[in-house]
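Input: a single structure, listed below in structure tokens.
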């Protein structure tokens, strides 16, 4: 779930606010609440809250509470998926099939992720643009981060690596490709432009991340030849050094985006914007305390569902007959990214490619330069030996994806074939992982078997 | 030490020059090339007042000459390292000291050599001068490579040349763009991408040759054929000829047909305080030639010390020979150019920065490397273009990152930070490759050579 940073001067809105009515609001707008790419993308999934029903309730605190609930739960078109959350929890306690638990948890994560981004946006109204931007940037990929941390804790390092690579691939090829493809078909005879500077910044950072993975891969080969034993310690040390470098780059990227080169990332407002589907708000709809409480609560539920997902991934793999790596690389990211994906496509339809690129590229950059090195550092603290060494297949898919996207986006224009190519690349990579039964699956099964056996033995005492 | 060729018509200089005597020369054209301007940023104006008090005419001429040569650069403080290094060799100081002092001594010498070739170019005209700059510009890397070849330390040759390319592409360019971007935070920073494209294309050709060698070796050995060295050597030599052809074409492109692409654009408000821009030579042609030969000889001596003591330094400091060859040697060797590139990035003259760093990388990749292979061929040494997987992978990634960074013709500090961090990652990687098999091969080679020498002497 990507976020852009929080921009300044939503000038068009400020201009439209007539006279005194916006006077009190004018100060806040002046401080600057520009519509970032992420905000606008999420807002495409919002519905205008119809408060007529609630306003008939007489008791005032109850009415406020109900309005709050309506805003939180019914404020998105994805609310149909919300029942999956209690169903998943029920499935856990009533011992439904583990594959059902896996599927329901995945479905439940989708609306929760979207609501978390909505809540961080609301909080950002109160905290100002910079802190809001940082909050968006950090919490934007909350789902991927939490899944990764739980998988680390359960020792499933391959799942972590695969799911993060899969997220990057999904954002770069699937989300971007499908958006450009559908947007190109919808705007067949219009000129489709975007600002390539933003794409260049993201591409550069993604290449730095890919370089670190490639160095790790080659390092392992270099150490392996000459018939030396595979010493894990230098690989780990190099991974940790590279993770620190990647985090440095991410901090510089945030500084660049939020402080010095803000205007590069501001979404350009056009005059004839149709405000029917897009709910753009100048003021928050829920209070600060309430937003914080909901945010904490939703994060807890996300953590719960993530734990189910990570715990049942092998069972689902056995039950459905597909490898764990395929589920981690392809399925998990697709479902996790669904909300953003929808938003990106909608904005491509409206020929607002800067926002589409902001969402997809920004998400990929965040995961590659923030979540991945953070996982390595957290694993370091937890004493788990996670390194940046993806396997050959994942690393080469990653570097090819970045190259394809870099070449696609390098001239600042788009058409549907530019979207079809990355999309077909993603299909090819998906097919590759579908038929690939990695040894890691067997290792994971052994790990899981060992863990359950150990747990059973420990319980017996 | 790169050069970008020698350009025509320094219009600004010709326009501002009231003297008629120099007019005919400037009409021939002595444009300020990127390399010349970069080096000149390290020059100091010669203060001739002290020398002019000396009465004897001949002595005064010699002293002026000496002052111009030795004190004409801000790097003159490093000059004492040269006699110290020579003393260290004869007085048998620790070999590590010899290594360090020789490295330090090479830095000002490289800068002076480029100064001397610039002076000679005033006399020989732009084309020959450009060729001279292009060839002598990377004299230090070339001489170090030849000495290492002579001693059979083929891995050191390969590593130091790859390290030079990586250093120019990522470290020099990255740090210049980064610092320049911070210094010019709110200005528009643009450069002409055509020059960058030409260099990138040639670098990719060089990288292709290395990748072909690597893949060739892999393809041959995986088919359970014995690792036969001769096809690999044959392919390396063929590729070297191809690379040299490309380099000749590049020189022709740069000096004859597309000169205007490489001319540094002069701006009206050029501040001539720090950059000593000269219209005429400050020393005579025979003097310059004599000094050039002398300095090249000293460079040769110091290079021999460096190549000879590299293993001792590696053992003493506890870091691998490949790390020293890939990271340390190029950083020290490139220091003068590096400083110049940063200074011009501060002044928002990115064309010059790019000319220095990219041009240097292209020269090493397309001239020094294939030349080493050809010279090894003549000397009967089996050097090929096959770098290890790690070096080749780093090289191709570095070229890609640089190509993508420079492809839109603008710059900001994040564009410099990314290559810089890439260089840090690559440096960390080579740091951790502490016990590579190459070390053991080099030690074995060194041991064999000294043993056979001992046997022959006996």
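Protein chains in written order, with this note's numbering: chain A, 848 to 1308; chain B, 54 to 511.
Glycine included, C-beta positions come from ideal geometry on N, C-alpha and C.
For residue 310 of chain B, the number of other beta carbons within 10 angstroms of its own is below 16, and it is reported as exposed. Setting aside the 5 residues that flank it on each side, residue 1277 of chain A is surrounded in the same chain by 1177, each with a C-beta closer than 6 Å to its C-beta; the list follows chain order.
Under the Cβ criterion of 9 Å, residue 238 of chain B is counted among the residues facing chain A.
Per the DSSP secondary-structure output, residue 243 of chain B pairs in a beta bridge with B:463.
Per DSSP, the unbroken alpha helix (DSSP H) holding residue 234 of chain B starts and ends at 226-236. Identification of chain B residues near residue 1051 of chain A by a Cβ-Cβ cut-off of 8 Å yields 454, 457, 458, 467, 468 and 471, ordered along the chain.
Taking C-beta separations shorter than 6 Å and ignoring five residues to either side along the sequence, the partners of residue 1131 of chain A in its chain run 969 and 972, following chain order. At the C-beta level, residue 244 of chain B and residue 470 of chain B stay beyond 9 Å of one another. Where residue 973 of chain A is concerned, the enclosing alpha helix (DSSP H) starts and stops at 945-974. DSSP, reduced to helix, strand and coil, places residue 1035 of chain A outside both helices and strands of the structure shown, so it counts as coil. Residues of chain A whose Cβ lies closer than 8 Å to the Cβ of residue 486 of chain B are, in chain order, 1066, 1069, 1070 and 1081. Residue environment for residue 419 of chain B: buried (at least 16 other C-beta atoms within 10 angstroms of its C-beta). Setting aside the 5 residues that flank it on each side, residue 1136 of chain A has no residue in the same chain whose C-beta is closer than 8 Å to its C-beta. If you check each beta-carbon in the region 1097-1110 of chain A against every beta-carbon of chain B, the ones closer than 8 Å belong to 1099, 1100, 1103, 1107 and 1108. A Cβ-Cβ distance of about 7 Å is found for the pair residue 989 of chain A and residue 1146 of chain A, placing them in contact under the 8 Å criterion. For residue 310 of chain B, no alpha helix (DSSP H) encloses it, and the DSSP letter there is neither H nor E. Look at residue 1040 of chain A here: in three-state DSSP terms it is strand.
Taking 9 Å as the cut-off, the beta carbon of residue 981 of chain A is found no closer than this to the beta carbon of residue 1225 of chain A. Nearest neighbour of residue 349 of chain B by Cα position, chosen from B:112, B:466, B:129 and B:135, turns out to be B:135.
For residue 939 of chain A, the enclosing alpha helix (DSSP H) stretches over residues 931-940.
Here residue 207 of chain B is near residue 434 of chain B, since their CB atoms are less than 9 Å apart. Below the 8 Å Cβ cutoff, chain B contributes 457 as neighbours of residue 1253 of chain A, in chain order. CA-to-CA, the gap between residue 466 of chain B and residue 307 of chain B works out to about 29 Å. Sorting A:1164, A:1236, A:915 and A:1264 by C-alpha distance to the C-alpha of residue 1082 of chain A places A:1236 at the top.
The residues 1198, in chain order, have a CB closer than 7 Å to that of residue 1037 of chain A in the same chain once the five nearest residues on each side in sequence are set aside. Between the alpha carbons of residue 949 of chain A and residue 259 of chain B lies a gap of roughly 51 Å.
Nearest to residue 201 of chain B by alpha-carbon distance, out of B:338, B:355 and B:255, is B:355.
Residue 1202 of chain A and residue 235 of chain B have their C-alpha atoms spaced approximately 28 Å apart.
Comparing alpha carbon positions, the residue from B:204, B:177 and B:168 closest to residue 364 of chain B is B:204. Following the DSSP letters along the chain, one finds residue 161 of chain B inside the alpha helix (DSSP H) bounded by residues 148-177.
For residue 1201 of chain A, no CB of chain B lies under 9 Å from its own CB, so it is not counted at the interface with that chain.
Taken residue by residue, none of the region 1213-1244 of chain A has a beta-carbon sitting less than 8 Å from a beta-carbon on chain B. Beyond the five residues adjoining it in sequence on each side, residue 1013 of chain A comes within less than 8 Å, by CB distance, of 1175, 1176, 1177, 1179 and 1180 in the same chain, given in chain order. No Cβ of chain B is located within less than 9 Å of the beta carbon of residue 1248 of chain A.
When C-beta distances to chain B are compared with 9 Å, the residues of the region 1028-1050 of chain A below that value are 1043, 1044, 1047, 1048 and 1050, in chain order. Neighbours of residue 1062 of chain A in chain B, taken as residues whose beta carbon is under 9 Å from its own, are 443, 446, 447, 450, 478, 479, 481 and 482 in chain order.
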